[in-house]
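2 protein chains.
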Amino acid sequence: MYELSVPVLIRGLGVLSHYMVRAAAFAETRGIDPAELADARLAADMLPLTGQIQRASDTAKNGVARLTGTQAPSFADTETTLAELKERLDKTIAYLETLTPEQFAGADERSIALPFRNVSAAMPGRAYLTQFMLPNFFFHVATAHGILRQRGLDIGKTDYLGGF
Amino acid sequence: MYELSVPVLIRGLGVLSHYMVRAAAFAETRGIDPAELADARLAADMLPLTGQIQRASDTAKNGVARLTGTQAPSFADTETTLAELKERLDKTIAYLETLTPEQFAGADERSIALPFRNVSAAMPGRAYLTQFMLPNFFFHVATAHGILRQRGLDIGKTDYLGGF
């Protein structure tokens, strides 16, 4: 369960962290206000880049906290700049790096309550990870990618996958 | 390895199949040419909805074929309509449904060659699944979601996650 979550999430968060650096350089080169990139979105009623990064961070840190029965650090969702978003991602990675495989003992069978409003449901950790947490995490990584790609950032699938 | 791949992929492909039905109804209600939806994309040099669906199908079927050392059905990438895309998704699901947990015995250790042009690399099945195949699969599901969402289709995160 450790191997299925922590390195996978660290890789995805690292990709987003790298995107923040690329986006800042891109904004400077093109004379775009970086705050405009941070606030860009695919649809008026979808989260902007800021929100995609915050939710990727939350899905990762709160997900592993649920799986291990520990407490994740709380971040206030006050980031507005690309540099602050990078810091949020890097802090999330730093937290994930403190977790050990031993803390995931029994996580596959642990009953996890789904974090939905108005829905009371729980599932075993293994199903939670593969059917909820990872799809949700990659939704936010891919949507952040799509937002930046649509604004002209020169990133591709190999950037998204994180290099092999 | 079966549990980490087949049900997860079937769920994601089922979500996309459902999106095709929703998109067709949406196009009819709004008087939009459904072919326009099928050809919609987030950036001029990104794949359109058609390509996102085809790559989600390929990532799923070719990925499990690599993991099990079997042969996936080959589809010709000739789909142009929402109905044909739904058929492609449903055929992919039908193939995945033929696979059994027994066929995944040893898949976690099986050496998998990465399907990159100009890159010669291989990794154990478990890393291939979590670091390459699932991130890649969800990229295409989430990007299809983003394309349809941007065009006005009323879908949200609970649709994407597939219902619990």
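Top to bottom, those sequences are chains A and B. Residue 86 in full-length UniProt numbering sits at position 86 of the first sequence, with consecutive numbering throughout. Residue 11 in full-length UniProt numbering sits at position 11 of the second sequence, with consecutive numbering throughout. Note that beta-carbon positions come from the ideal geometry of N, C-alpha and C, so glycine has one too.
* Where do the ends of the beta strand (DSSP E) carrying B/S111 lie? -> 111-113
* Are the Cβ atoms of residue 198 of chain B and B/V64 separated by less than 8 angstroms? -> Since the first residue of chain B shown is 1 and the last is 164, residue 198 of chain B is not available in this structure.
* To do: Look at the alpha carbon of B/P7 and the alpha carbon of A/Y2, and state the distance between them as a whole number of angstroms.
  => 20 angstroms
* Asked: Taking the Cβ atom as the reference point for each residue, do B/T59 and B/H140 lie within a distance shorter than 8 angstroms?
  -> yes
* Asked: Taking any Cβ of chain A, which residues in the region 21-51 of chain B have a Cβ under 8 angstroms from it, in chain order?
  -> Going along the region 21-51 of chain B in chain order, one finds L42, A43, M46 with a Cβ nearer than 8 angstroms to chain A.
* **Three-state secondary structure assigned by DSSP to B/P48** => coil
* Just grab the DSSP bridge partners of A/A122 for me. => According to DSSP, which records beta bridges pairwise, A/A122 is partnered with A/A113.
* Asked: If we call anything under 8 angstroms between Cβ atoms a contact, is A/K91 one with A/S17?
  -> no
* Which of the residues in the region 136-155 of chain A, read from start to end, lie with their CB under 9 angstroms from any CB of chain B? -> N136, F137, F138, F139, H140, V141, A142, T143, H145, G146, I147, R149, Q150, R151, G152
* Sorted by chain position, which residues of the same chain lie with C-beta nearer than 6 angstroms to B/S57's C-beta, five sequence neighbours on each side aside? -> R88, T92
* Asked: What separation, rounded to the nearest whole angstrom, lies between the Cα atoms of A/Y128 and A/A23?
  -> 32 angstroms
* To do: Could you tell me whether the Cβ atoms of B/G12 and B/F104 are closer together than 8 angstroms?
  => no
* **Proximal chain A residues relative to B/G12, where beta-carbon distance stays under 8 angstroms** => P135
* Starting from B/Q131, find everything on chain C with Cβ-Cβ shorter than 7 angstroms and list it in chain order. => Protein chains in the displayed structure are A and B, and chain C is not among them.
* Step through the CB atoms of chain B and report whether any lies within less than 8 angstroms of the CB of A/Y160. => yes
* is_contact[A/E3, chain B] using C-beta, thresh 8 angstroms -> In terms of beta-carbon proximity, A/E3 lines the interface with chain B, with at least one pair separated by less than 8 angstroms.
* Asked: A/A83: which of A/T143, A/L9, A/P34, A/G125 sits nearest, CA to CA?
  -> A/P34
* **For B/L96 and B/S120, the rounded distance between their alpha carbons** => Taking the straight line from one Cα to the other gives about 27 angstroms.
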